[in-house]
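Colleague: Below are the structure tokens for one structure; questions will follow.
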Amino acid sequence: MNIDGSSPQRLTTNEGRDLVPMWSRDGKQIAFNSTRDGNWEVYLMNEDGSNQVNLTNNPATGLFRDWSWGGDYILFDSDRDDNWDIY
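Right, here's the structure in full:
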């Protein structure tokens, strides 16, 4: 999308909900939350919407929070151990 809001480009198309997108520090990837697999998972895709990959892939909830300062890691919350923790 242009800065003035014109020409938006759809990056995801699926039956689930895709929320909370955040650019990587280098601007080449976008991390986001999705329910496309039946529960909340953390996904990563290229800046153009290609190569969408499920990073958490767990029956428990996984919620993206932020990129690490160096951009090498993704921080997310999960209740995979029956307790909400930060991963």
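All residue numbers in the sequence shown are consecutive under the working numbering, ending with 78. Heads up, the beta-carbon is just placed ideally off N, CA and C, and yes, glycines get one too.
1) Quick one: using the 10 Å Cβ neighbour count with 16 as the cut-off for buried, is residue 24 buried or exposed?
2) For residue 4, is the classification buried or exposed, using 16 other Cβ atoms within 10 angstroms of its Cβ as the cut-off for buried?
3) Are the CB atoms of residue 37 and residue 71 nearer to each other than 7 angstroms?
4) Return the chain-ordered ranges of every beta strand (DSSP E) run that is complete within the region -4 to 72 and spans a minimum of 3 residues.
5) List the DSSP bridge partners of residue 77.
Modeller: Once the coordinates are examined:
1) Taking the first residue of the sequence shown as position 1, residue 24 is located at position 33. The residue in question, residue 24, is buried, as its Cβ has 16 or more Cβ neighbours within 10 Å.
2) Counting from one through the sequence shown, the residue named residue 4 turns up at place 13. Label assigned to residue 4: exposed.
3) Within the sequence shown, numbered from 1, the residue matching residue 37 stands at position 46. Within the sequence shown, numbered from 1, the residue matching residue 71 stands at position 80. No, the Cβ-Cβ distance between residue 37 and residue 71 is not below 7 angstroms.
4) 9 to 14, 20 to 25, 32 to 37, 53 to 58, 65 to 69
5) Within the sequence shown, the letter at position 86 stands for residue 77. DSSP links residue 77 through a beta bridge to 68.
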